[in-house]
Each structure stands twice: as C-alpha cells, then as structure tokens.
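See below for the structure under consideration.
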Amino acid sequence: MSGIAGIFHGDGRPVDPADVAIMTASMRHRGPDGIEQTVSGPVGMGHCSLRTLPGRRDGTQPVWDEAGVICVALDGRIDNGYELRTSLGAEQAPGGESDAELLMRAYGRWGEGSVARLVGDFAFSLWDGRRRELLCARDFLGKRPLYYAHDGTSFRWASEPQAVLADPALSREPNLGMIGEYLSADVRSTTDTLFRDLFRLAPAHYLLVGPRGVEIARYWEWAPGPPLHYRDEREYAAHLLSVCGDAAAGRLETSSGVAVELSGGLDSSSVIGIVEHLREQGRHDTPVEAYSLVFPGLPCDETDHIRTVVAHCGVRSHELRPAATPAEEYETQARRYLDLPEYPNGMQSGLFEAALAAGSRVLFTGTGPDEWLTGSLFSYIDLVRRLRIRRLAAEVRSEAEVWGWRESLRLLWRYGLRAQVPAGLRSGVARTLGRSTCPPWLRADFCLESGLEERLQRLPRHGEPGPGQLDDGWRAHATESAERARAAAGMEARDLFDDRRVVEYVLALPHEQLRRGHVTKHVLRQAVAGLIPESVRSRSDKADFSYAFREELRLHGGPALFRDLAMEDLGWVDGLKVRDMYAEFERGYSLEAGPKNGQVLWQLWLISSMERWLRAL
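Following the numbering used here, the numbering of the sequence shown begins with 84 at its first residue and continues without gaps.
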C-alpha cells in the first residue's frame, strides 16, 4: 500500500516542508516507488508511492488541478471509474487520468458529496484553496488507514501513527480506555488509539477542517429494507457470482502479476475459482499464481486441499513453510509504529517475499465471507418472538450435531432467549450479583480510572456476521493491523468479497441464503459450484491456526514473557493472574484439539503486545 501525510495550519502559518518530510520519512517503507511532497502556504501534503495500477492510473502525487487551487493525495484505488467518468462527462485529459485526478474531478462536481459515490479501497486528503478547507475520507470498510491529531490550530494526518506523532509538541499521554480494551481483548472503538490526542477516522466517514474547526460525518451506512426475493433459487447464486466477478475484474487491473493467498478453505479457493472463471470468459489475462503456507505433520496442514484446488483450477502454485518471527522484530515494530506490534503474521513473510520475487505486488485474499456470508444466529431472536418452536428446535438440534448440546444450548440462550430480557434488567442483576464487565486480570483501580466498564457497556459489542460487522471495533483493528503488515512488505491486498457492491448485495439476501442449519455461506457454495473442487466446496470445517500464536509465545520465552511486567508496576494488570492464565492455557492445550478456550490465546497475545508497546515508549 501507499501512504499519505500532511499538515494544515488553521491560523494561516506557512507549513515548513521539513515537517512534512519528517512525516513521510517515517513511512518510507510505503514508498518504494518514490516519496513526493508539496507545500502551499498553510497546507503541506506528502505521498509515499507503491505503484500497482496500469497506465496513468497511479500518477505522481500529490497532484494539483490546472488552476493550482485543489490538491489531492490518495492512498488506494477507485474501482468504479467507468461509472464516475460516465456521470462526469468527457472532461478528462486525452491521455487518460489517474485515480487521484478522477477523484479531484468528482469533488469539483459534487463536493464532499462525491465521497459517497466512490467505490474502492481508499484514504485521501484533498485541499480546496478556494474554500480554505481540507477534506479527508476513508472507504466504507476502512481498508486504508488514516490517523490524525488536532490541537485547535494545526491539523496533522497520516497513514501511520508515528508519522502524526513526529510532531514533538503533540502529547503522548496514554489513552487508558483504549489500552483497557486491548488488554481485555474486547476492542470496541473504531476511532480511539493508544494515545489520548491521536485518533483514527472511522470507516465510512469523512472529515472537514476549516473555519468551523473539525467536522466529522458519516457518508455511507447500511439501510436495511425488505430482503431481496427471487422466484428461482438459482438466481441468488448467479447474482452473487456476477457481482463477485465484477469486483474481481476491477481488482485484476494491475501493473504486476497477482498472488492469491490460498489456504485450501472455501473462501480463498472461491477467489481462485472466480478469477480463473473470468479468464475463461476472456475478461482478463493477468498472471495469477497461488501461494500457500503448509504445515507438514500438524493438524492445521491443508496441503491436500490446496493441491486439489490447484489441480482443478490449473494455476501455478507455491507451497511455503512458515517462518517464526524473532522477538526483536515485534519490539522493532512497536518502536517504529508507536503502536501494538502485529499478530503472528510474520510467518507469512516468506510468502510475501516469494510473491514479490515473482513480480507480484498485488495480493488477493479470502477475507470477507466469514464477516458477510456466514449468517447470524440472531435469527434465533426472530424464531423465539414468533413462537416458531418447531423450527427453533430443528435449528438447535442441527447446531448440536456439530458443536454438542452444551454449546448449542449456550447459543440458544445468547442469541435467542437472552435477548428477551431487557438490557437494564440484565445490568441490574449483574450489579446486584457483584459482577463486573472488566476482566479479572485487570486491576480494579485501573478499570475505574480508565472508565473501561462504562466503555464496554456503551460501545457496541463484537458484531455478529452481517451488518454488525460494519461498525465492529475488532474487525476495524484487524483490518488495520493486516494492512500495515502488508504495506511493510511492499504488497497491496485486494479483497474482492469486501467490495462495497458485493457487501450491499449480500446484506440484502434472505437469511436462508446465508445459513441453513449449521451449513454457512450457502449462496457462495452454490455460486462456485463447478469452479472449485466439490470436496472443498462442501467443507464445513476450518483449520485451527492457534498453533502459530502458541509457538510464537513459547519461542519468545513462554512464562518469562509475563514476569516483571511494566504494566504490573503501573497497576494496570494483576501479574499473578496473568501468569496463572498462561499456565492454565498451557496445561489445557492439545496439538490435535487446540486450546480449551481460544479467547485466552488472544488475551495473552494482546497482553504481551501491550507490554512491548509500553517498553517502546
């Protein structure tokens, strides 16, 4: 991915070009194809370039209009360029235009209303000299990051936190509330960061900075209506294949080859199947190769499924062994980004290196179906309220066949019966029983000072698959973390199932097109029939990669990681309980079955990551 950065002095002071240069230099890994900047009076912008688009679509940035009044810096792609150009008319230059220039023309016609018309992965800044106003925006899922800080006079923004924090005048006071969310492994906020005065622009939002200060607005949200209805069951799958095909075709427009991250599961295999289906239709001739991590001898090894897909689809395949990430690398990341280091994605470093060596800068992944196509167990609520007891019993029985009766009944309570109890009554009962929403390994004084309990009650919980994912704090965090890791490697991820047109279609589907008993992603399975092997299309299992997390923790010291915690000295965590958590996790771990409680692994990982961040400050 590329990167953007900038400064706007609202009091009219000229921007020092050296300040913008410092910001972009801190993100030099995002600019293998060059770093440019421009300064005009009170505004300065920088752009770190990773070129992946064909022809003039990337262009040199930041770019000014012919009048020298409007300037744009874009990190990302605009995927609906044809529709925008049709609406705008033939105003583009004869030799074509870059996506940033197209964005500028759209703004010239529709102002900030143009943002809602954009389809693609993007974060951008646009300076309008006539209005003396700055516009910044992110795409509807936040596939590209944008951090900012405003001290009342000066506004700074960038693709990574350390670039904004390069200003020595900006406070680095910790944001205890957000720290508490991470330490709880219960991330809710889509706007806060680990620093009190540093923020993220939420997905599907834009902000304006001008004479009225900073104004933030949502430009897109899901407006649920009646479910889409087709008379012929087959039309749902055909429609999904069509919109996925359009999303893939746009993403296949690239100046390099495409690497597909193939795990052997339904989702990534569907990506390969759709891409090769488009090739057979003559819709692209982009070189596409599959890259897979294999784990010989381990339960999570998917080699057989991977080879079956490769043979069926006829693509060239690369099988790579995962590489462990040294502890020093996580510490380096914490110092570089002034943020939590990444998850054990370092095992993918060999995959990225192999793809780049083969000439592929673009990475297709299977991200998306788990969020949008799984279907929600909240359908239990509807069945309970409508007293459809026989249908409800059938659903519960179907879940029990897969997960066992205990888990099935727990799901019935959480997604069906519990919802009938008013939230106020549930909270009152919890207070009466002395229960706290703060986890036991956090100190009570820290929970009180950080306001964590109030945050966890006020902010939305981790969303169920479907519309609940749109404002989900954990999904936003995971998206930003994955983007940063790929940007550091010089790769650009393009996720066809996260295309706005795909998501809007899927969210309008009847629930039975998503989930039928314990079988999820029904419509996707129907759409890729014949495009991928039947043995993969009908899979209901998923590999458990908790092994990677556990091995990283063990290689980096195991129990020693949780001794002498700086967080313990600060009174944030109860060190004894954290160490007991790790010991209990190890006692209950089985290579064949994984951890007894998978959530504990996330909690331990985030505790270790927070310690690294704290020591990096």
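Built from N, CA and C at the ideal position, the CB exists for glycine as well.
If you ignore the 5 residues before and after S339, its C-beta comes within less than 7 Å of the C-beta of T135, G442, S443, R444, V445, all in its own chain and listed in chain order.
With fewer than three CB-CB distances shorter than 8 Å, the region 207 to 224 does not count as touching the region 615 to 633. Annotation: G551 to A101 spans about 43 Å, alpha carbon to alpha carbon. Taking 7 Å as the cut-off, the Cβ atoms of Y230 and P244 count as close. For W305, there is no enclosing beta strand (DSSP E), as DSSP marks it with neither H nor E. Take I389, set aside five residues on each side of it, and the residues of its chain with a beta-carbon closer than 8 Å to its own are L345, S346, G347, A373, S375, V377, S400, E402, in chain order. Nearest neighbour of H639 by Cα position, chosen from P427, P523, G397, N258, turns out to be P427. Counted as a single uninterrupted DSSP element, the beta strand (DSSP E) harbouring Q120 occupies residues 118 to 123. Its Cα nearest to that of A249, the residue M106 stands out among I87, H92, M106. Under the three-state reduction of DSSP output, H130 falls in the strand class. For E402, there is no enclosing alpha helix (DSSP H); the residue is found in the beta strand (DSSP E) stretching over 399 to 403. Under DSSP, I90 takes part in a beta bridge, and its partners are G127, R239.
With contact defined as three or more Cβ pairs closer than 8 Å, the region 122 to 139 and the region 164 to 173 are not in contact. Cβ atoms of P97 and G129 stay farther apart than 8 Å, at about 16 Å. Secondary structure at W524: coil, using DSSP grouped into helix, strand and coil. R283 is bridged by DSSP to Y230. For H601, there is no enclosing alpha helix (DSSP H), as DSSP gives it neither H nor E. Looking at the DSSP output, P294 shares a beta bridge with no other residue.
If you look at W655, you'll find it isn't in any beta strand (DSSP E); DSSP assigns it neither H nor E.
Within the DSSP secondary-structure output, L217 pairs in a beta bridge with W210, V292. Contact between C327 and I299 does not hold, since their C-beta atoms are separated by about 32 Å, which reaches or exceeds 8 Å. Per DSSP, S375 lies in no alpha helix (DSSP H); the unbroken beta strand (DSSP E) holding it starts and ends at 371 to 376. Closest in C-alpha terms to D280, from the list V292, E256, Q364, G293, comes E256.
Of the residues G95, A342, S254, V656, the one whose Cα lies closest to the Cα of S533 is V656.
Secondary structure of P427 (DSSP, three-state): helix. Taking all protein chains in view, the Cβ of W488 is surrounded by fewer than 16 other Cβ atoms within 10 Å, so the residue is classified as exposed.
Per DSSP, the unbroken beta strand (DSSP E) holding R577 starts and ends at 575 to 577. When rounded, the separation of the alpha-carbon atoms in L475 and L492 is 11 Å. E412 and W193 have their C-alpha atoms some 45 Å from each other.
In the pairwise beta carbon analysis, the region 288 to 297 is classified as not touching the region 569 to 580: fewer than three pairs are separated by under 8 Å.
DSSP lists no beta-bridge partner residue for W688. In the same chain as G142, and ignoring 5 residues on each side of it, the C-beta atoms closer than 7 Å to its own belong to S181, A183, E184, in chain order. Within its own chain, the residues whose Cβ lies closer than 6 Å to the Cβ of K679, once the five positions on either side in sequence are excluded, are G671, listed in chain order. The beta carbons of S673 and L644 sit about 21 Å from each other, so the pair does not count as a contact at 8 Å.
By the C-beta density criterion, T274 is exposed, having fewer than 16 other C-beta atoms within 10 angstroms.
Our two residues, G179 and F529, have alpha carbons roughly 57 Å apart in a direct line.
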